[in-house]
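Q: In UniProt numbering, the protein residues as written are 1 to 312.
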Amino acid sequence: MTGVASIGECMIELKQAQYGLYSRGYGGDTLNTSVYLARLGVDVDYITALGDDSLSDEMIAGWAAEGVGTKRVMRLPGKLPGIYLIETDELGERRFFHWRENAAARRLLDLPETGDILNSLASYDLVYLSAITLSLYSADGRGRLFAALRAARERGTRVAFDTNFRVRGWPDLEIARAVYRDAFAVADIALASTEDLLPLFAGESNEGLMARILSPEVVLKLSKPASIVRFEGASHEVTAEPVAAPVVDTTAAGDSFAAAYLAARLRGADPIEAARAGHLLAGIVVCHPGAIIPGSAMPATMSSTRAHKGSA
Numbered sequence: 001m002t003g004v005a006s007i008g009e010c011m012i013e014l015k016q017a018q019y020g021l022y023s024r025g026y027g028g029d030t031l032n033t034s035v036y037l038a039r040l041g042v043d044v045d046y047i048t049a050l051g052d053d054s055l056s057d058e059m060i061a062g063w064a065a066e067g068v069g070t071k072r073v074m075r076l077p078g079k080l081p082g083i084y085l086i087e088t089d090e091l092g093e094r095r096f097f098h099w100r101e102n103a104a105a106r107r108l109l110d111l112p113e114t115g116d117i118l119n120s121l122a123s124y125d126l127v128y129l130s131a132i133t134l135s136l137y138s139a140d141g142r143g144r145l146f147a148a149l150r151a152a153r154e155r156g157t158r159v160a161f162d163t164n165f166r167v168r169g170w171p172d173l174e175i176a177r178a179v180y181r182d183a184f185a186v187a188d189i190a191l192a193s194t195e196d197l198l199p200l201f202a203g204e205s206n207e208g209l210m211a212r213i214l215s216p217e218v219v220l221k222l223s224k225p226a227s228i229v230r231f232e233g234a235s236h237e238v239t240a241e242p243v244a245a246p247v248v249d250t251t252a253a254g255d256s257f258a259a260a261y262l263a264a265r266l267r268g269a270d271p272i273e274a275a276r277a278g279h280l281l282a283g284i285v286v287c288h289p290g291a292i293i294p295g296s297a298m299p300a301t302m303s304s305t306r307a308h309k310g311s312a
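This is the structure in C-alpha cells:
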C-alpha cells in the first residue's frame with residue numbers, strides 16, 4: 001500500500017478581485033487538502049469525476065503540476081464541473097455561493113467504473129474524505145462507499161473523516177446526523193470543529209461534541225485559536241501560535257489544517273505535534289486570498305520529504 005486517496009469534488013472558484021471583478025481558479029475542500037498534502041511531500045491521488053470540457057482539462061493539468069495523482073479521475077462526456085463564488089467580509093470571514101447541482105462529481109458512485117474505484121481504496125495507506133464528499137451522493141452511493149471503507153480497513157487502510165459542514169448540502173439535518181454517525185464509526189481519525197458540529201448538535205459543550213465522535217483519534221478545532229486532541233483515551237488542548245499577518249480569507253483554513261495534520265501523522269509525529277503543524281499551516285493560509293496559496297508562501301519549516309506509512 002502507498003500514499004493517500006482523497007475523495008470529493010473540485011469546482012471552479014471565483015474570488016473577489018479589485019473593482020468588483022472576480023478572478024478564476026479552482027478549489028474544493030478535499031482537493032485543497034490534496035494539494036497541500038502533495039506540497040508537504042505526501043503521495044496523494046484525487047478521486048473524483050469531471051467533464052470532458054476545457055475547464056476540466058485545466059483542472060487536471062493544474063493538479064498534476066502540484067504533484068496530485070489524477071489516474072482515478074473519471075471523465076464524463078457532456079458534463080461540467082461545479083462553480084462556487086467566495087464573498088469575504090472585512091474580517092476575512094467567507095461566505096460561499098454554489099452552482100453544482102448537475103456537476104460531474106455527483107455521479108462518481110453511479111458509474112460502470114465505480115466498483116473498481118471502490119476496490120482500489122484498499123491499496124492506500126489512508127483514505128481521506130469529508131462530509132461535503134458524502135453530501136454529494138445518494139443514500140445508496142454512500143452505502144457503497146461506507147462498505148468499501150470498511151473492507152479497506154480490514155486490509156490495513158486507515159480512514160480520515162473531515163466534518164466540513166455546509167447546510168445547503170443537507171436539506172434534512174436528521175439525515176446529516178445519521179451520515180455523520182456512520183462516518184465517525186468507520187473513521188480512524190476524525191478532523192472536526194465546533195463550527196461544523198454545533199449546527200447539527202446545538203448547545204452541546206466541547207465535551208459533549210467529543211463524546212459523539214466514536215473515532216479513536218479526534219481533533220476538535222475550537223472557536224478560539226486552539227484545538228482539543230483525543231487519542232489513547234486522553235484529551236489534550238493544543239494552542240495555536242498567533243497569526244502574524246492580517247487575516248484576509250479563511251477559505252481552506254480547515255483543509256490546510258487537515259493536510260498538515262495528516263502529513264505529520266504519516267511521518268510518525270504524535271497527534272499533539274500534528275495538531276501544532278495543522279495550526280501553523282492554517283495560520284499562513286488565512287493570510288492569503290483563495291483556497292490554495294502560492295507555493296512560495298508555504299512554510300519552510302515543514303518538511304517536503306515524501307511521507308510513507310507511519311503511525312497515522
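Beta carbons are placed, not taken as given, at the ideal position from N, Cα and C, and that holds for glycine. Since the structure is predicted, the reported quantities are computational estimates derived from the model, not experimental observations.
Comparing C-alpha positions only, which one of LEU108, PHE97, SER34 and ALA202 sits nearest to ALA160?
A: Per the Cα distances, SER34.
Q: At the level of alpha carbons, what is the spacing between ASP140 and PRO246?
A: Computed Cα separation, rounded: 44 Å.
Q: Can you check which of these residues, SER135, ALA263 and ARG168, is closest to TYR180 by C-alpha distance?
A: Of the candidates SER135, ALA263 and ARG168, the one whose C-alpha sits nearest the C-alpha of TYR180 is SER135.
Q: Give me whichever residues DSSP pairs with LEU85 in a beta bridge.
A: Note: LEU85 sits in a beta bridge opposite LEU14 and PHE97.
Q: Near THR305, which residues of its chain fall below 7 Å by C-beta distance, leaving aside the five closest residues on each side in sequence?
A: Summary for THR305: the model assigns pLDDT 48, below 50, so the residue's position carries little reliability, and this model does not support an answer.
Q: Count the CB pairs spanning the region 181–199 and the region 212–225 that are closer than 8 Å, and state whether there are at least three.
A: Touching, yes, given that three or more Cβ pairs across the two stretches are closer than 8 Å.
Q: When you compare each of GLY143, GLU66 and TYR36 to ASP255 by their alpha carbons, which one comes out closest?
A: Ranking GLY143, GLU66 and TYR36 by Cα distance to ASP255 puts TYR36 first.
Q: Taking a contact to mean a Cβ-Cβ separation below 8 Å, would you say ILE86 touches LYS15 in this structure?
A: Cβ distance < 8 Å, so ILE86 and LYS15 count as in contact.
Q: What residue range does the beta strand (DSSP E) around PHE231 cover?
A: 226–231 is the extent of the beta strand (DSSP E) around PHE231.
Q: In the DSSP output, what is GLY51 paired with across the bridge?
A: DSSP output for GLY51 lists LEU76 as bridge partner(s).
Q: Pick out whichever of ARG144, GLU113 and SER6 has its Cα sitting closest to the Cα of ARG75.
A: When each option's Cα is compared against that of ARG75, the closest is GLU113.
Q: Shortest alpha-carbon distance to THR251 belongs to which of ILE12, LEU118, ASN32 and ALA104?
A: The candidate whose alpha carbon is nearest that of THR251 is ASN32.
Q: With contact counted as at least three CB pairs below 8 Å, one residue from each stretch, are the region 46–54 and the region 18–26 in contact?
A: These segments do not touch.
Q: Could you give the residue range of the beta strand (DSSP E) that holds ARG24?
A: Looking at the DSSP string, the run of the beta strand (DSSP E) that includes ARG24 is 22–27.
Q: Excluding the 5 residues flanking ASP162 on each side, which residues of the same chain have their C-beta closer than 6 Å to its C-beta?
A: Result list for ASP162: SER130, LEU191 and ALA258, in chain order.
Q: If you draw a straight line from the alpha carbon of ARG230 to that of GLY278, how long is it in whole angstroms?
A: If you take the alpha carbons of ARG230 and GLY278, they lie about 15 Å apart.
Q: Near LEU121, what residues of its chain come up, given a Cβ to Cβ distance below 7 Å and the 5 sequence neighbours on each side ignored?
A: Once the five neighbours on either side are set aside, the close Cβ partners of LEU121 are ALA5, VAL127, ALA148, LEU149, ALA152 and THR157.
Q: What residue does the alpha helix (DSSP H) around ALA148 start on, and which one ends it?
A: From DSSP, the alpha helix (DSSP H) with ALA148 extends over 139–154.
Q: Where SER123 and THR2 are concerned, what is the direct C-alpha to C-alpha distance, given to the nearest angstrom?
A: Rounded to the nearest angstrom, the two C-alpha atoms are 7 Å apart.
Q: For TRP63, I'd like the list of residues in its chain whose CB is within less than 7 Å of its CB, leaving aside the five on either flank, ordered along the chain.
A: Excluding positions up to five away in sequence, the list reads TYR46 and THR70.
Q: Buried or exposed, going by whether 16 or more other CB atoms sit within 10 Å of the CB of GLY233?
A: When all chains shown are included, GLY233 counts as exposed.
Q: Please list, in chain order, all residues of the same chain as ILE60 whose beta carbon is under 8 Å from its beta carbon, the five residues on each side excluded.
A: LEU50, THR70 and VAL73, listed in sequence order.
Q: Which whole-angstrom value describes the C-beta separation of ILE132 and GLY169, a residue pair presumed to lie in contact below a C-beta threshold of 8 Å?
A: Indeed they touch by this definition, with Cβ atoms about 6 Å apart.
Q: When we look at the beta-carbon of PHE165 and count the other beta-carbons within 10 Å, is it buried (16 or more) or exposed?
A: Burial call: buried.
Q: Return the Cβ separation of ARG94 and MET11 in integer angstroms, given the expectation that the two are a contact with Cβ distance under 8 Å.
A: Not really, about 14 Å apart at Cβ, beyond 8 Å.
Q: Does the Cβ of VAL167 have 16 or more other Cβ atoms within 10 Å, making it buried, or fewer, making it exposed?
A: Exposed is the call here.
Q: Confirm, please, whether the CB-CB distance from PRO225 to ALA240 is below 8 Å.
A: The answer is yes: Cβ separation under 8 Å.
Q: With distances taken between CB atoms, is the gap from LEU173 to LEU200 smaller than 8 Å?
A: Contact flag set, yes.
Q: Compare the Cα-Cα distances from PHE97 to each of GLY283, PHE184 and GLU13 and report the closest residue.
A: Checked all of GLY283, PHE184 and GLU13; the closest Cα to PHE97 is GLU13.
Q: Tell me the rounded alpha-carbon separation between THR301 and LEU281.
A: Using only the alpha carbons, I get a separation of about 10 Å.
Q: Measuring alpha carbon to alpha carbon, tell me which residue in CYS287, GLY208 and VAL248 is nearest THR88.
A: That would be VAL248, whose Cα lies nearest to the Cα of THR88.
Q: What span of residues does the beta strand (DSSP E) with PHE161 cover, start to end?
A: It spans 158–162 - the beta strand (DSSP E) in which PHE161 sits, taken as one unbroken run.
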